[in-house]
Amino acid sequence: MGEVSLEKLLQSKKYRDVCPDTVRRVWGECTKKYKKPKDVDKAAREALHGITGAFLTPAEAREIAWAMQAWAVGGRTDAQLENVLNKHASTRERLPIPEMDALYARIFEITGKTDRVLDLACGINPIYLGARGIKATGVDISQTVVGFINTFRDSYGMPVEAICADLLCPDAIPRERFDVALLFKALPLLERQRSGAAADVMGAIDAKYIVASFPTRTLGGRNVGMAAHYAEWMAGHLPRDRAVAGRFETGNELFYILKEI
Ligand SMILES: C[S@@+](CC[C@H](N)C(=O)[O-])C[C@H]1O[C@@H](n2cnc3c(N)ncnc32)[C@H](O)[C@@H]1O
Numbered sequence: 007m008g009e010v011s012l013e014k015l016l017q018s019k020k021y022r023d024v025c026p027d028t029v030r031r032v033w034g035e036c037t038k039k040y041k042k043p044k045d046v047d048k049a050a051r052e053a054l055h056g057i058t059g060a061f062l063t064p065a066e067a068r069e070i071a072w073a074m075q076a077w078a079v080g081g082r083t084d085a086q087l088e089n090v091l092n093k094h095a096s097t098r099e100r101l102p103i104p105e106m107d108a109l110y111a112r113i114f115e116i117t118g119k120t121d122r123v124l125d126l127a128c129g130i131n132p133i134y135l136g137a138r139g140i141k142a143t144g145v146d147i148s149q150t151v152v153g154f155i156n157t158f159r160d161s162y163g164m165p166v167e168a169i170c171a172d173l174l175c176p177d178a179i180p181r182e183r184f185d186v187a188l189l190f191k192a193l194p195l196l197e198r199q200r201s202g203a204a205a206d207v208m209g210a211i212d213a214k215y216i217v218a219s220f221p222t223r224t225l226g227g228r229n230v231g232m233a234a235h236y237a238e239w240m241a242g243h244l245p246r247d248r249a250v251a252g253r254f255e256t257g258n259e260l261f262y263i264l265k266e267i
């Protein structure tokens, strides 16, 4: 294995796609737990493997790039948009497009219509928003998904942008005011990365509404009581300065709309 160091980990091919701040953060957390550099390196690699385990594979990323091109040159139809969103597990579960439209109609019915959204731990969700003419600023630790969203802006003129940043690091959340901030399928995942992270992230958001969602089915489609589990989780993590303005379930996702009080 040779010498281990943060610099080596940052340069490793395996974690090239992950935000460098995440690698530094995880390394720093591991140096607090372990003394020997080899133990730090092993623990950091294990933690990073857990965080990046659900990243897009290179083959999936290529398919998204092709599907985006097909959308751009083929008339920008909903069928082609669906083909893009179908390539990422999280957006796939909200399809078909009419169901996704209905989901956002339900959200905006409570928050009021907005033309500018902050999308945290966004995946490729801003592609849907941009295609519907909603300005979106995404934040994610995957350089690949951030690249897709910025390509959607730069090459196809869509009103979206994304920043590669780690929500558990300082200054990752834009300091601007938004009407609506999305945290779709993100809070428990952030809390697993660091205890207390869900509260820290929600506390740092400057938005009238936070819309948080939770999966209610396993990736295999089974219903194993996840809705009840996450309802309890949300009750225990509700920020003091927010009240529940809405709560509803779709086929496989539980949504909470949290309003500033
Ligand atoms: C389950 S996916 C959800 C994607 C999107 N919110 C959706 O529901 O369509 C989780 C996303 O969170 C991102 N992520 C994980 N840890 C993060 C962190 N610490 N900071 C920012 N993004 C993170 C991942 O790269 C991934 O794109």
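Those letters in the sequence shown? Residues 7 to 267, per my numbering, in order.
For each residue, glycine too, the CB sits at the ideal point set by N, CA and C.
None of the values given here were measured: they were computed from a predicted structure.
- Secondary structure at L124: strand, using DSSP grouped into helix, strand and coil.
- As computed with DSSP, A171 is found in no beta bridge at all.
- Distance from the Cα of E115 is smallest, within the candidate group A251, M74, R159, for A251.
- Beta-carbon to beta-carbon, V90 and L54 are separated by about 27 Å, too far to satisfy the 8 Å threshold.
- As summarised for the segment 185 to 221, the continuous beta strand (DSSP E) elements at least 3 residues long and confined to that stretch are 213 to 221, given in chain order.
- The three-state reading of DSSP puts V250 in strand, counting E and B together.
- For R98, the closest of V230, K44, L225 by C-alpha to C-alpha distance is L225.
- Nearest to K41 by alpha-carbon distance, out of V10, C25, T63, V24, is V10.
- At least 7 Å separates the beta-carbon of I133 from that of D121.
- Distance between E259 and P165, taken at the CA atoms: about 26 Å.
- Sixteen is the threshold: since fewer than 16 other Cβ atoms of the shown chains lie within 10 Å of the Cβ of K14, the residue is exposed.
- The three-state reading of DSSP puts F61 in coil, since its state is none of H, G, I, E or B.
- Judged by the Cβ position, N258 fails to qualify as a neighbour of ligand 1 at the 6 Å threshold, every heavy atom of the ligand being at least this far.
- Within the same chain, G144, D146 come within 6 Å of C128 by CB-CB distance, once the 5 residues on both sides are set aside.
- Comparing alpha-carbon positions, the option among D27, V79, N92 lying closest to Q149 turns out to be D27.
- Under a 10 Å Cβ-count criterion, W77 is classified as buried, with 16 or more other Cβ atoms of the shown protein chains found around its own Cβ.
- Distance check between C25 and each of V186, A210, E52, I57 places I57 closest, using alpha-carbon atoms only.
- C-alpha of A210 to C-alpha of G202: approximately 13 Å in a straight line.
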